[in-house]
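Shown next, in structure tokens, is the structure this report addresses.
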Amino acid sequence: MQIALAPMEGLVDDILRDVLTRVGGVDWCVTEFIRVSDRVLPASTYRKLAPELFRGARTRAGTPLRVQLLGSDPACLADNAAFACRLGAPVIDLNFGCPAKTVNKSRGGAVLLKEPELLHAIVREVRRTVPADIPVTAKMRLGFEHKDGALDCARALAEGGAAQIVVHARTKVEGYKPPAHWEWVARVQEAVAVPVFANGEVWTLDDWRRCREVSGVEDIMLGRGLVARPDLARQIAAARAGQPVLEMDWLELQPLLADFWLQARRKLSPRYAPGRLKQWLAMLTRSYPQAVELFALLRRENDCARIDALLGVEVPALPEQLAIA
């Protein structure tokens, strides 16, 4: 069984990938999508969205990173995939699942599920262009408005050369509303000869058990569920191995929250760092009552120094601050 951390634009950046993979249980993770339109993107774009590429394509915990591309031009996607491989990408993942309106309007993400022939052409061209030893994988939803074409889309991806397919078990129109249709993951796995990962609406260990039973697949990709419960992958891995499941309590989570904040402080301007912390904290309220209390304290707070105090964090002086002093 493999457990993957899902790519989520604007949420699971390199900081959160670092923190979550250090908890344990995650076998690989994926970048936020890198949007490709009409040219080969510069290395700076990859350095911004996938800085792990320049550190061996692994997080600090040693978890392998895959690079995800989004677009609709087979040749341009292939050229960018080849460039990403030269930068060190060990796997190229293709996004056919993003439900965002702005992305779909520019002919990217889930809207391409209306065109199975194009899906096939994209995967085939990327597979043909990147080195043979580098796998090409894909993430899809069950369709745009309807599920009728889900199996055709999955076959198009597999026949184009996708080595694995992650199925977010909802349509674009369904967005993130429950339920996830795990029974369709089973249908997709029956239709293709490559490994299929189940994705969608797994928030707890019991959800995983039900997903495995209904979908019939062992491999899983965790998204919001892992963000809200940082040890969910670790719990699943332990349960699958027949080992005791020890849940992470709020006290154990504190060093991770503090480290996340310190990294956000270093990477982002004081204007944006508080928003990133609140974003994750809001997700944690689903699993921890203490997060509800802390979020209430921080909700309207935008002063980084006061947030430091509330978290009990001492921020090391930056080199330029030391020079001024």
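Reminder that position 131 of the sequence shown reads as 131 in UniProt numbering, one-by-one numbering, no gaps. Heads up, the beta-carbon is just placed ideally off N, CA and C, and yes, glycines get one too.
The stretch 98-118 makes no contact with the stretch 53-66, as fewer than three CB pairs between them are under 8 Å. Three or more beta-carbon pairs separated by less than 8 Å link the stretch 186-202 to the stretch 164-174, which places the two stretches in contact.
Within a 10 Å sphere around the beta-carbon of residue 53 sit 16 or more other beta-carbons, which makes this residue buried. In the DSSP assignment, residue 168 falls within the beta strand (DSSP E) that extends over 165-168. If the five residues before and after residue 1 are omitted, its C-beta is found closer than 7 Å to the C-beta atoms of 218, 219 and 240, all from its own chain and listed in chain order.
The Cβ neighbour count for residue 72, taken over all protein chains shown within 10 Å, is at least 16; the residue is labelled buried. Cα atoms of residue 143 and residue 94: separation of roughly 16 Å, rounded to the nearest angstrom. When DSSP states are grouped into helix, strand and coil, residue 243 belongs to the coil group. The C-beta distance from residue 24 to residue 266 rounds to 24 Å, too long to meet the 8 Å contact threshold.
Residue pairing by DSSP places residue 96 opposite 140 in a beta bridge.
In terms of Cα proximity to residue 40, the closest of 49, 76, 60 and 18 is 76. Rounded to whole angstroms, the separation of the alpha carbons of residue 14 and residue 7 is 11 Å. Put simply, of 188, 225 and 215 the residue whose alpha carbon is nearest the alpha carbon of residue 176 is 225.
Under DSSP, residue 28 shares a beta bridge with 4. Nearest to residue 203 by alpha-carbon distance, out of 29, 221 and 117, is 221. Within the same chain, and ignoring the five residues on either side of residue 214 in sequence, the residues whose Cβ sits closer than 6 Å to its Cβ are 182 and 183.
When the Cα atoms are used, residue 131 and residue 4 turn out to be separated by approximately 23 Å. When 238, 192 and 180 are compared, the shortest CA-CA separation from residue 205 is found for 238. With distances taken between CA atoms, residue 277 lies nearest to 310 out of 251, 252, 310 and 49. Cβ neighbours of residue 270 within its own chain (closer than 7 Å, five residues either side excluded): 304. Residue 243 counts as exposed, since fewer than 16 other beta carbons sit within 10 angstroms of its beta carbon.
Secondary structure within the stretch 54-126: the alpha helix (DSSP H) runs of 4 or more consecutive residues, fully enclosed, are 74-87 and 101-105 (chain order). In the DSSP assignment, residue 221 falls outside any alpha helix (DSSP H) and lies within the beta strand (DSSP E) extending over 220-222. Counting only residues of its own chain and dropping the five nearest sequence neighbours on each side, residue 84 has a CB closer than 6 Å to the CB of 67.
For residue 308, same chain residues with a beta-carbon under 6 Å away, outside a window of 5 residues either side, are 315 in chain order. For residue 197, DSSP records a beta bridge to 166.
Comparing alpha-carbon positions, the option among 113, 250 and 81 lying closest to residue 135 turns out to be 81. Pairing residue 123 with residue 164 gives a Cβ-Cβ distance that is not under 8 Å.
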